[in-house]
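Student: Chains G and W are the protein sequences, given in the same order.
Going by this note's numbering, 191 is the number at position 191 of the first sequence; the sequence numbering is gapless.
Going by this note's numbering, 1158 is the number at position 158 of the second sequence; the sequence numbering is gapless.
The following block contains the structure, expressed as structure tokens.
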Amino acid sequence: MQLANFTLLRLLSPISIRCTPAAVINRTLHSSPALLGKKYAKYYFTPKKIFRKEEIYRVPKTQLILPHERLDPLNIPEPSAPTATESGLLEQLASAVNHEQSTSGRPFAIVHLVGKQYKVSEGDLVQLVGKSLLAELGDELVLEKVLALGFTDFTLYGRPILSRDCVTVRATVVEKTLEPPKIRFEFRKRQNFRRMNIHQTNATVLRIGSIEFNKPAVQQAL
Amino acid sequence: MHLTCPLWVRRIPKIYRNNDPFYLRNLYLQFSFLFRGRSSRCFRLAEQRVIKAFQHMNAMRAVRKDRFKQLCDERIDAACAQHGIPGKMLVDGLGRMNIQLNRKMLQQLAIYEPYSFKSLTDLVKQYHSELGIVPPNAEPPAPVVTRGLLQSPIVPGNRKYYE
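Printed below as a string of structure tokens:
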């Protein structure tokens, strides 16, 4: 019968770490200059492994492009010329793009990040559950897979992604913590079977900085 | 738990902590903190209720995902019905046009960005009208400028729809 230790639950409160684990390890090794090898490390203070093995996001094979599905770059169709009414509508769109000023409203972007989609605007916090990115605290990221962009007068939808020239969505890594502990308890009656498993997954928190919109690149596409 | 001072103060070595009755009972009692009546205070009742609570928790894990999907589908269906389209038509049409927005994102747009959602429904209506499918109770869409690109396979994954 597996039971969890009472003290375990006390220690597993979420701790927000403001320094990277690499910095902590360096401090301990410099304190014992004569003994740097792994052999003697167990006799000295070793920090607890707060981050479990790094989870690198791998694209599953089912989502990769198969060879018979690959595009021929020569056979992409070109857009046909617009009619009179259509050109009028395109002019309206172009004027809306020109007159767009970020001070009037709050633009939003739909971003694909680590297998999930988030609707995002300036100053938002995004929590990635179960993932610890290789990026360290304070690193600035550019989120490139933008599926949609929205403003006051018009929205842009990508098929499936908008080009990188049109948009830049910036984010910074604010926090790398553990989630609160989750409990998995299995019980089968009349069989003396009880198993308790407490686990904590990684979580990173990003703060979205700005959504920058490149007007000439969009007008070229029109 | 009401214990006398000596019991609180006594120190138990770590080796014997797992076998000490206080710790064995507290393991279940700490989860029964907000239960009703004596199930929150007495171990013999708390143990049963806590085990049942854990079983409910395990069973709900799979159910929670299905319920969230149902909620998303309901909301998309309700928002599309305002434009005269069934919800399935929207999701299918967007997939065929290779606009890969989640159901989670579609319901967010339907709630918070109604004009953006209307433009998506207009795209879907135009796509289906080019194929000859017209939903009966729908208003005609706002004019959509396609320039012949709506039906074409722009990316590899759509090829199966056009062959």
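By construction, the Cβ of each residue, glycine as well, lies at the ideal position given by its N, Cα and C atoms.
Using a cut-off of 9 Å between C-beta atoms, extract the partners of G:K119 located in chain W.
Tutor: Near G:K119 (Cβ distances below 9 Å), the residues of chain W are K1104, M1105, Q1108, L1109, Y1112 and E1113.
Student: Would you give the residue range spanned by the beta strand (DSSP E) that G:F108 belongs to?
Tutor: It spans F108 to L113 - the beta strand (DSSP E) in which G:F108 sits, taken as one unbroken run.
Student: Is it buried or exposed for W:V1063, if we count other Cβ within 10 angstroms and need 16 for buried?
Tutor: The residue in question, W:V1063, is exposed, as its Cβ has fewer than 16 Cβ neighbours within 10 Å.
Student: So W:I1076 packs on W:R1096, CB below 8 Å; how close in whole Å?
Tutor: Wrong, their Cβ atoms sit about 16 Å apart, outside the cutoff.
Student: To which residues of the same chain is W:Y1028 closer than 7 Å at the C-beta, ignoring the five residues directly before and after it?
Tutor: Here the set comprises F1043, A1046, E1047 and V1050.
Student: Using 8 Å for Cβ pairs, my map puts G:D165 next to G:N214. What's the rounded Cβ distance?
Tutor: About 6 Å; that satisfies the 8 Å criterion.
Student: For G:M196, report the span of its beta strand (DSSP E) as first-last.
Tutor: First-last of the beta strand (DSSP E) with G:M196: F193 to H199.
Student: Just the C-alpha distance for G:F162 and W:R1067, rounded to the nearest angstrom, thanks.
Tutor: Note that residue 162 of chain G is Leu in the sequence shown here, rather than Phe. If you take the alpha carbons of G:L162 and W:R1067, they lie about 32 Å apart.
Student: Quick one: any contact between the region 144-162 of chain G and the region 178-189 of chain G, if contact means 3 or more CB pairs under 8 Å?
Tutor: Contact fails: fewer than three Cβ-Cβ distances are below 8 Å.
Student: Rounded C-beta distance between G:S121 and G:R106? I'm assuming under 8 Å.
Tutor: So it is a contact: roughly 5 Å between Cβ atoms.
Student: Given that G:P180 touches chain W, what residues does it touch there, using C-beta distances under 9 Å?
Tutor: Within 9 Å Cβ-Cβ: nothing; G:P180 doesn't reach chain W, min ~14 Å.
Student: Could you check the C-alpha separation between G:G150 and G:N202 for me, to the nearest Å?
Tutor: Each residue's alpha carbon lies about 31 Å from the other.
Student: Measuring straight from C-alpha to C-alpha, what distance separates G:Q219 and G:G88?
Tutor: If you take the alpha carbons of G:Q219 and G:G88, they lie about 15 Å apart.
Student: Where does W:R1033 land, buried or exposed, given buried means 16+ other C-beta within 10 angstroms?
Tutor: One detail in the question is off: residue 1033 of chain W reads as Phe in this sequence, not Arg. The residue is exposed, with fewer than 16 neighbouring Cβ atoms inside 10 Å.
Student: Helix, strand or coil, according to DSSP, for G:E86 in the structure here?
Tutor: If DSSP states are grouped into helix, strand and coil, G:E86 belongs with the helices.
Student: When you compare each of W:Q1100, W:P1140 and W:A1110 to G:H112 by their alpha carbons, which one comes out closest?
Tutor: With distances taken between Cα atoms, G:H112 lies closest to W:Q1100.
Student: Using a cut-off of 7 Å between C-beta atoms, extract the partners of G:S80 located in chain W.
Tutor: The answer, in chain order, is R1147 and G1148.
Student: What is the rounded straight-line gap between the Cα of W:H1083 and the Cα of W:A1138?
Tutor: Going from the Cα of W:H1083 to the Cα of W:A1138 covers about 6 Å.
Student: Could you run through the region 124-155 of chain G and flag, in chain order, every residue whose CB is less than 8 Å away from some CB of chain W?
Tutor: Cβ contacts with chain W: L147, A148, G150 and T155.
Student: Does the Cβ of G:T204 have 16 or more other Cβ atoms within 10 Å, making it buried, or fewer, making it exposed?
Tutor: By the neighbour-count rule (16 or more Cβ atoms within 10 Å), G:T204 is buried.
Student: Under the DSSP definition of a beta bridge, which residues are partnered with G:P171?
Tutor: It should be pointed out that residue 171 of chain G corresponds to Ala in this sequence rather than to Pro. In the DSSP output, where bridge partners are listed per residue, G:A171 has G:L141 and G:I208.
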